[in-house]
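Enquirer:
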Amino acid sequence: MRVDGIFLRAAIPASPQDACFPTHTDWTAFNSTLSGQLIKTTPLASACFPTASPSNPEACEYIRTHWTTSTLHASDPSSIMMPMWASNSHPIAQGPCTPTSKHCDMGNYPVYTVNVTTPQHVIGAIHFARERKLRLAIKNTGHDFLGRNVGFGALGVWMHGLKGMEFFDDFAGMGSAVTVMAGMQWGEVYDEVAKRGLVVVGGANPTVGSVGGYLQGGGHGYLSSRHGLAADNVLQLTAITASGALTHPTPQTTRHTMLMISPASSEPHEAFWDAVAYIHGHLPREYINSTFPSLHISTTEKQYGSWMEAYKPNIYPEPVGHNSLIASRLLPRAALENNFAAIRSTLVTAFPKVGMPGMVGQLVAAGQVSKNRHLRTAVHPAWRSAYLNLEITVTWADDAPLETVMGIRRYNSEVSVGALEALARTGGEGEDGVGAYVNEADAFTKREDAGKVFWGGKYEELPRVKERWDPKGVFWCRLCVGSE
Ligand SMILES: Cc1cc2nc3c(=O)[nH]c(=O)nc-3n(C[C@H](O)[C@H](O)[C@H](O)COP(=O)(O)OP(=O)(O)OC[C@H]3O[C@@H](n4cnc5c(N)ncnc54)[C@H](O)[C@@H]3O)c2cc1C
Numbered sequence: 001m002r003v004d005g006i007f008l009r010a011a012i013p014a015s016p017q018d019a020c021f022p023t024h025t026d027w028t029a030f031n032s033t034l035s036g037q038l039i040k041t042t043p044l045a046s047a048c049f050p051t052a053s054p055s056n057p058e059a060c061e062y063i064r065t066h067w068t069t070s071t072l073h074a075s076d077p078s079s080i081m082m083p084m085w086a087s088n089s090h091p092i093a094q095g096p097c098t099p100t101s102k103h104c105d106m107g108n109y110p111v112y113t114v115n116v117t118t119p120q121h122v123i124g125a126i127h128f129a130r131e132r133k134l135r136l137a138i139k140n141t142g143h144d145f146l147g148r149n150v151g152f153g154a155l156g157v158w159m160h161g162l163k164g165m166e167f168f169d170d171f172a173g174m175g176s177a178v179t180v181m182a183g184m185q186w187g188e189v190y191d192e193v194a195k196r197g198l199v200v201v202g203g204a205n206p207t208v209g210s211v212g213g214y215l216q217g218g219g220h221g222y223l224s225s226r227h228g229l230a231a232d233n234v235l236q237l238t239a240i241t242a243s244g245a246l247t248h249p250t251p252q253t254t255r256h257t258m259l260m261i262s263p264a265s266s267e268p269h270e271a272f273w274d275a276v277a278y279i280h281g282h283l284p285r286e287y288i289n290s291t292f293p294s295l296h297i298s299t300t301e302k303q304y305g306s307w308m309e310a311y312k313p314n315i316y317p318e319p320v321g322h323n324s325l326i327a328s329r330l331l332p333r334a335a336l337e338n339n340f341a342a343i344r345s346t347l348v349t350a351f352p353k354v355g356m357p358g359m360v361g362q363l364v365a366a367g368q369v370s371k372n373r374h375l376r377t378a379v380h381p382a383w384r385s386a387y388l389n390l391e392i393t394v395t396w397a398d399d400a401p402l403e404t405v406m407g408i409r410r411y412n413s414e415v416s417v418g419a420l421e422a423l424a425r426t427g428g429e430g431e432d433g434v435g436a437y438v439n440e441a442d443a444f445t446k447r448e449d450a451g452k453v454f455w456g457g458k459y460e461e462l463p464r465v466k467e468r469w470d471p472k473g474v475f476w477c478r479l480c481v482g483s484e
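Numbering (full-length UniProt numbering), first residue to last: 1 to 484.
(1) Cβ of Gly209 versus every heavy atom of ligand 1: is any distance shorter than 6 Å?
(2) Does ligand 1 have a heavy atom nearer than 6 Å to the CB of Met84?
(3) Whole angstroms is fine: what's the gap from Ser262's alpha carbon to Gly107's?
(4) Where does Gln252 sit, in a helix, a strand or coil, going by DSSP?
(5) Considering only residues of the same chain and omitting the five flanking positions on each side of Gly457, which have a CB-CB separation below 7 Å?
(6) Which same chain residues, not among the five before or five after Leu479, have their C-beta less than 6 Å away from its C-beta?
(7) When the Cβ atoms of the region 43-53 are set against those of the region 97-116, are three or more pairs found closer than 8 Å?
(8) The beta strand (DSSP E) with Lys40 in it runs from where to where?
(9) Excluding sequence positions up to five away, which residues of its chain have a Cβ less than 7 Å from the Cβ of Thr71?
(10) Buried or exposed: where does Ile12 fall if 16 or more other Cβ atoms within 10 Å of its Cβ makes it buried?
(11) Compute every distance between the C-beta of His380 and the non-hydrogen atoms of ligand 1, then say whether any falls below 6 Å.
(12) Roughly how many angstroms lie between the CA atoms of Phe152 and His66, to the nearest whole one?
(13) The beta strand (DSSP E) spanning Trp158 covers which residue range?
(14) Taking Pro332 as part of the alpha helix (DSSP H), name the residues at either end of that continuous run.
(15) Residues bridged to Tyr112 by DSSP?
(16) What did DSSP end up calling Thr247 once you bin it into helix, strand or coil?
(17) Can you tell me whether Lys163 is helix, strand or coil according to DSSP?
(18) Please report the Cβ distance between Ser75 and Tyr109, rounded to the nearest whole angstrom; I am assuming they are in contact, meaning their Cβ atoms lie under 8 Å.
(19) Whole angstroms are fine: how far does the CA of Thr42 sit from the CA of Ile315?
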C-alpha cells in the first residue's frame, strides 16, 4: 500500500479460523514463558448472560451498577470504555457483550491477553505475535474514543499492571523530573508528585493512563496552557520496538482551565446559544461578565494553596460504558475573537439533532503550548496557534435502532465536523493549518483524511518513521499512522 511515496506492508493478521492460528498447546507453552501472565478473554459482562458458566448473578449486579465507571473497565484485561469498538459487525451499533446486549460474544476483544507486570512480558508478546502473525491489541486503561485498543483474534497486551515511578532532583541538568511506568494513571501520578510539592501536565480525568494513548496523542489538561502539552514535557522515553528491543529515543532538550457548558435539555433555547457564542468569542480575554435575558455569566478568581487543592474538587465522574462520537477542531484565537455570528451559527448547526448531544470547550492550548512550537513532536501544528479544543459530543441509547445510529454517525462526520472545520478556517489557515486533537476527534474520519486532520504537515514524515521502526507492521491500530 502506498502512502506519500513509500510502501507500507498491509498487515494481514491470522484469525482464529486460520489453520496457522495458535492451538491450545501453543497458548499453554507461551503462557509458561510468561510465568502464567496469559489471560483467556471472558468479556466482562458475560456474567450477565445465561451462557456464563457458572452463572454469577452477584457479579452481574456489580457489573451493571458499575458499568458507567471508568475504574471497572480499566481494571479488566480486555474491557474498553466505548463498547461499540468491540463489535465486529459492520456498521457498528452496539457492543458485543454489555449488560444490555441481546447476546454475548467475543466480537473484537483479543483472544488472549498478556497481563504485563514487567517489560519482558511485552517483549515476549511482541515476539509471539510477530512469529505467529497475530494482531497485537494494546490496552492500558481502555479510555480510547477511536477504537484503537481492541482487535479481532488479537493477542492483547494489557499495560495497566506496569506500575512504578522514580523521582529525580535534577535529570540531566534539566531540573526535577519523574519517570512514570506505562501502567500509571494520572490520579496515581498526581498524588505522588504533590507529596513532593511538584506539578506535572496530565489529564483532567484521574483514571486516564499517563503514558499510553494520552501521551502519544499529545495530552492536554488543566496545566497545559501554563506548561505545554504532556508530549512537550517528555525528557526521555524508554520504548520497546517492534523487534522486541528496549530503546531510549532521543531526549528532547527542553526543559488551564476547562470550560464545560451543557444545556439543560437537548433542545436548548435561543438565549443559551447567545450565551455560549458570547463566551467563546470572549475566551481570549481573562474575565467574562455579562447578562443575557435569562442567563447571568460571571467569572470569579479564587486562590488555592496548591495545585491539588484546586484540582481535587474539580474531578467529576465522566460516565463511560456507552457509545459516543466526537466532532472537534482546534480553534485559533482569530476564529473566536469578534466572531459572534459565526460562532453562534456554527454551534447551532453542529449541535446534533438526534441522540444525546453535549459540548465541551477545553481551554487547554495557547500560552506555553504556543511557545513550544519549536519542539520536534508529532502533534498537529494547529495546536501551536490554537486557543481552544472545541468538542461536540453525542451519545445514544444501547438499544437505539441501527438507522438512528447511522444517522448520528453521518451527522457527526458530515455536519458537525464540517461546521467546526469552517469555523476554524474563519481564523485563517496560516502556516499551522486546521486540525483536530487526535485523541478527541471524529472516530469516522476518513482514512485518507486522517493524516492531515490529526497531524497536519507533520504527516509527511510519520509513515517513514513508522516504516523505519516497524517494517513488518507488528503495531497496527485503526486511524493510526500507517493504518492506511
Ligand atoms: C473520560 C475520558 C476523559 C479524558 N480526558 C482527557 C484529558 O483530560 N486530556 C486528554 O488529553 N485526553 C483525555 N481523554 C482522551 C485520552 O487521552 C485518550 O482516550 C487516550 O487514548 C487514553 O489513553 P489510555 O492509554 O489511557 O487508553 P487506552 O484505550 O488503553 O489506549 C489508547 C491507545 O494507546 C495505545 N497504548 C496504550 N498504552 C500503550 C503503550 N504503553 N504503548 C503503546 N501504545 C499504547 C493503545 O493501543 C490505544 O491505541 C479522555 C478520555 C476519556 C474517555
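Ideal Cβ placement from N, Cα and C applies to all residues, glycine included.
Expert: Reading it off the structure:
(1) yes
(2) no
(3) Since pLDDT at Ser262 reaches only 41, below the 50 mark, its modelled position is unreliable, and no value is offered.
(4) Bear in mind that the predicted position of Gln252 carries a pLDDT of just 45, short of 50, making it unreliable; the figure below should be weighed with that in mind. Three-state DSSP puts Gln252 in coil, outside helix and strand.
(5) Pro381, Gly433
(6) Leu146, Ala450
(7) yes
(8) 38-40
(9) Thr207
(10) exposed
(11) no
(12) 26 Å
(13) 155-158
(14) Per DSSP, Pro332 belongs to no alpha helix (DSSP H); it is in the beta strand (DSSP E), 323-332.
(15) Lys40, Leu155
(16) strand
(17) coil
(18) Ser75 to Tyr109, Cβ: 16 Å. No contact.
(19) 31 Å
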